[in-house]
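These notes are about the structure you will find just below.
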Amino acid sequence: MFAPATPALPLKDIYMPPAPAIWPLAPGWWVVLVVTAVALFVAARWGWRRYRRRACRRRLQTLFDQSLVSAAEPSARLAIISQLLRRAARSAAGDAAAQLTGEPWLHWLDGEDPERPFSNGPGRVLLHGPFQASAVAAANLDLLLPIARQRFMQLAMRASDRPGAPR
Numbered sequence: 004m005f006a007p008a009t010p011a012l013p014l015k016d017i018y019m020p021p022a023p024a025i026w027p028l029a030p031g032w033w034v035v036l037v038v039t040a041v042a043l044f045v046a047a048r049w050g051w052r053r054y055r056r057r058a059c060r061r062r063l064q065t066l067f068d069q070s071l072v073s074a075a076e077p078s079a080r081l082a083i084i085s086q087l088l089r090r091a092a093r094s095a096a097g098d099a100a101a102q103l104t105g106e107p108w109l110h111w112l113d114g115e116d117p118e119r120p121f122s123n124g125p126g127r128v129l130l131h132g133p134f135q136a137s138a139v140a141a142a143n144l145d146l147l148l149p150i151a152r153q154r155f156m157q158l159a160m161r162a163s164d165r166p167g168a169p170r
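Throughout, this note's numbering is defined as the position within the sequence shown, counted from one, plus 3.
In structure tokens, the structure reads:
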């Protein structure tokens, strides 16, 4: 029936402290930001280099294919293949490699390949084929084309990786 009276206490209002400020950041967040920025920079640089390398590869493949399209006869195509290989050799290894002739040229084209596709395989047609007036067999050219294209790409990509190479 009767509620006990509570004595009036001298209480003050409760004030909440302010929320922690976002700025300045704690040292741990600075480390996270720096690591993230470095990782993004490295990833972007790697991606850009990969893009440029692939674009270079596509341009070289197009150059090789378009050069061969212009020639109808197998002997003319063989001469173009020989010219492209010499241009790539000059770009990759300097004039000394491009001035080689005969067997040393074929051995240089073999490089480190244990199968020796130029000196012992279908690449031997490069020895005399471009200089003969008689028609080169289309079958020989069909065997030569993939290995010549692969070697051209290797030499041209090596040349594009050199410092100071045009980009």
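Note that beta-carbon positions come from the ideal geometry of N, C-alpha and C, so glycine has one too.
For residue i, which three-state DSSP category applies?
i: D68; result: helix
i: L103; result: coil
i: G114; result: coil
i: M19; result: coil
i: P10; result: coil
i: L129; result: helix
i: G31; result: helix
i: R62; result: helix
In whole angstroms, give me the CA-to-CA distance for residue i and residue j.
i: P77; j: L63; result: 21 Å
i: V72; j: P117; result: 31 Å
In the DSSP assignment, find the alpha helix (DSSP H) that holds residue i and state where it starts and stops.
i: N123; result: Taken as a continuous stretch (DSSP letters only), N123 belongs to no alpha helix (DSSP H), as it is neither H nor E.
i: A74; result: Here A74 belongs to no alpha helix (DSSP H), and DSSP marks it neither H nor E.
i: I25; result: Per DSSP, I25 belongs to no alpha helix (DSSP H) and is neither H nor E.
i: R154; result: 141-164
Q) Pairing CB atoms from the stretch 157-164 with CB atoms from the stretch 76-95, are three or more of them under 8 Å? A) In the pairwise beta carbon analysis, the stretch 157-164 is classified as touching the stretch 76-95: at least three pairs are separated by under 8 Å.
(Q) With a threshold of 8 Å, are at least 3 pairs of Cβ atoms found where one atom belongs to the stretch 34-49 and the other to the stretch 138-149? (A) Contact between the stretch 34-49 and the stretch 138-149 is absent, because fewer than three Cβ pairs lie under 8 Å.
Q. Do the stretch 52-67 and the stretch 98-107 meet, that is, are 3 or more Cβ pairs less than 8 Å apart?
A. Because the criterion of three Cβ pairs below 8 Å is not met, the stretch 52-67 and the stretch 98-107 do not touch.
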